[in-house]
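Asks: Dumping the structure here so I can ask a few things about it.
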Amino acid sequence: YGKLNYIVQKWSNISAFCPDPSDMLIATYPKAGTTWTQEIVDLLLHNGDEEACKRASTSDRFPFLEIQYPPPIPSGLDLLKNMKPPRVIKTHLPIQLVPKGFWENKCKVIYVARNAKDNLVSYYHFDRMNQAQPQPGPWEEYIQKFMRGKVAWGSWYDHVKDYWKEREKRNILYLFFEDLKKVAWVPHAFRSGVSNRIVQLTSFKNMRDNPMANYTFIPKIMFDHSISPFMRRGEVGDWTNHFTPAQSQMFDEDYARQMADVDIPFCTSI
Ligand SMILES: *[C@@H]1O[C@H](CO)[C@@H](O)[C@H](O)[C@H]1NC(C)=O
Numbered sequence: 001y002g003k004l005n006y007i008v009q010k011w012s013n014i015s016a017f018c019p020d021p022s023d024m025l026i027a028t029y030p031k032a033g034t035t036w037t038q039e040i041v042d043l044l045l046h047n048g049d050e051e052a053c054k055r056a057s058t059s060d061r062f063p064f065l066e067i068q069y070p071p072p073i074p075s076g077l078d079l080l081k082n083m084k085p086p087r088v089i090k091t092h093l094p095i096q097l098v099p100k101g102f103w104e105n106k107c108k109v110i111y112v113a114r115n116a117k118d119n120l121v122s123y124y125h126f127d128r129m130n131q132a133q134p135q136p137g138p139w140e141e142y143i144q145k146f147m148r149g150k151v152a153w154g155s156w157y158d159h160v161k162d163y164w165k166e167r168e169k170r171n172i173l174y175l176f177f178e179d180l181k182k183v184a185w186v187p188h189a190f191r192s193g194v195s196n197r198i199v200q201l202t203s204f205k206n207m208r209d210n211p212m213a214n215y216t217f218i219p220k221i222m223f224d225h226s227i228s229p230f231m232r233r234g235e236v237g238d239w240t241n242h243f244t245p246a247q248s249q250m251f252d253e254d255y256a257r258q259m260a261d262v263d264i265p266f267c268t269s270i
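Position 235 of the sequence shown, counting from 1, maps to 235 under full-length UniProt numbering, and the rest follow consecutively.
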């Protein structure tokens, strides 16, 4: 867990980070639609101006709060030091670990959740191509690791539940990946010019072909797109191409136990 070790070493600095009240936080479990949401938010903040949103890579436009690389690659905190508020900050931290300054300063927080099975499939392929994270191992074993939270950033179940339980008290905008997909179904005539543009610019195909968003700006020794591209499919329901019926049943039974204390309206097909 090379990358995670660096995070642990710098934890006191990360935890002490104090945002400006004008800063915004985009929080997600990995592979739940983070890059997509970042692009949508950036376009909204720039009134749909495509060129403005290509001013820099996703990593440089949205400091990744907790990320730490071996020097000289700048950490999230390094980027934040050199950027003036208002900033749009990315995190994968579980809610308990989000620096308390975000809550004290009442920063706007957007959380995006994706159904467990698609999130798992996406994470599996991401762990194959991301050389800074532990290799996923065989698919069958990966399902077990995911169910037990033995993956980077921990349990999906706790992550989505803990933000859900706090969403009203802490004024978190809790969105679903699947709902974002459905936005593209709204007939053109019902959307304004700007929202039409944003839907088009953030389609899967446009995101995949956008060199400032498709993560080819990360060196190949870290992200190897020849194993699996960062922008792989971006669909709802791809899990059906991975889970056998027996795996799906086993996963669902465990899911019912782990999610028994909440009623989060996830959907696994649209
Ligand atoms: C990233 O975008 C560039 C420019 O459009 C494109 O040539 C490349 O194929 C994309 N890479 C991946 C892995 O999607």
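In this text, a Cβ means the ideal position worked out from N, Cα and C, and glycines have one as well.
Should Asp118 go down as buried or exposed, given a rule of 16 or more other Cβ atoms within 10 Å for buried?
Replies: The residue in question, Asp118, is buried, as its Cβ has 16 or more Cβ neighbours within 10 Å.
Asks: Rank Ala213, Phe17, Leu43 by C-alpha distance to the C-alpha of Asp78 and give the top, closest one.
Replies: Of the listed residues, the one whose Cα sits closest to Asp78 is Phe17.
Asks: Inspect the beta-carbon positions of Pro19 and Ile110 and report whether they are closer than 8 Å.
Replies: No; because the gap between Cβ atoms is not below 8 Å, this pair is not in contact.
Asks: Give a yes or no on whether the minimum CB-CB distance between Pro21 and chain C is below 8 Å.
Replies: Protein chains in the displayed structure number just one, and chain C is not present.
Asks: Okay, do the stretch 115–129 and the stretch 185–198 touch, 3+ Cβ pairs below 8 Å being the bar?
Replies: No, the stretch 115–129 is not in contact with the stretch 185–198.
Asks: Could you name the residues, in chain order, whose CB is less than 6 Å away from a heavy atom belonging to ligand 1?
Replies: Residues with a Cβ closer than 6 Å to any heavy atom of ligand 1, in chain order: Arg208, Asp209, Pro211, Asn214, Thr216, His225, Pro229, Met231.
Asks: Name, in chain order, the residues that DSSP records as bridge partners for Thr216.
Replies: None, per the DSSP bridge assignment.
Asks: Is it right to say Ala56 is buried, meaning 16 or more other beta carbons lie within 10 angstroms of its own, or is it exposed?
Replies: Exposed.
Asks: Can you give the Cα-Cα distance for Thr35 and Ile67, rounded to whole angstroms?
Replies: Whole-angstrom Cα-Cα distance: 15 Å.
Asks: Note the first and the last residue of the continuous alpha helix (DSSP H) segment covering Phe64.
Replies: Counting along the chain, Phe64 falls outside any alpha helix (DSSP H), and DSSP gives it neither H nor E.
Asks: When burial is assigned at 16 or more other CB atoms within 10 Å of the CB, is Gly48 buried or exposed?
Replies: Per the 10 Å Cβ criterion, buried.
Asks: Excluding the 5 residues flanking Met259 on each side, which residues of the same chain have their C-beta closer than 8 Å to its C-beta?
Replies: If we look at Met259 and ignore the five residues flanking it on each side, its Cβ neighbours are Tyr157, Lys161.
Asks: Please classify Tyr1 as buried or exposed, where buried requires at least 16 other C-beta atoms within 10 Å of its C-beta.
Replies: Here the model assigns Tyr1 a pLDDT of 48, short of 50, so the residue's position is not dependable, and the following value carries that caveat. Exposed: under 16 other Cβ atoms inside 10 Å.
Asks: Do you know offhand how far Arg257's Cα is from Pro265's?
Replies: Distance between the alpha carbons of Arg257 and Pro265: 16 Å.
Asks: How would you write the range of the alpha helix (DSSP H) that Tyr29 sits in, first residue to last?
Replies: Per DSSP, Tyr29 belongs to no alpha helix (DSSP H) and is neither H nor E.
Asks: If we ignore side chains and look at the alpha-carbon of each, how far apart do Gly154 and Lys145 end up?
Replies: If I take the Cα positions, the gap works out to 10 Å.
Asks: From what residue to what residue does the alpha helix (DSSP H) around Lys81 run?
Replies: Here the alpha helix (DSSP H) through Lys81 covers 76–81.
Asks: Is it the case that the Cβ atoms of Tyr215 and Phe204 are separated by a distance below 8 Å?
Replies: No, the Cβ-Cβ distance between Tyr215 and Phe204 is not below 8 Å.
Asks: List the endpoints of the continuous alpha helix (DSSP H) containing Phe146.
Replies: Counting along the chain, the alpha helix (DSSP H) containing Phe146 begins and ends at 139–147.
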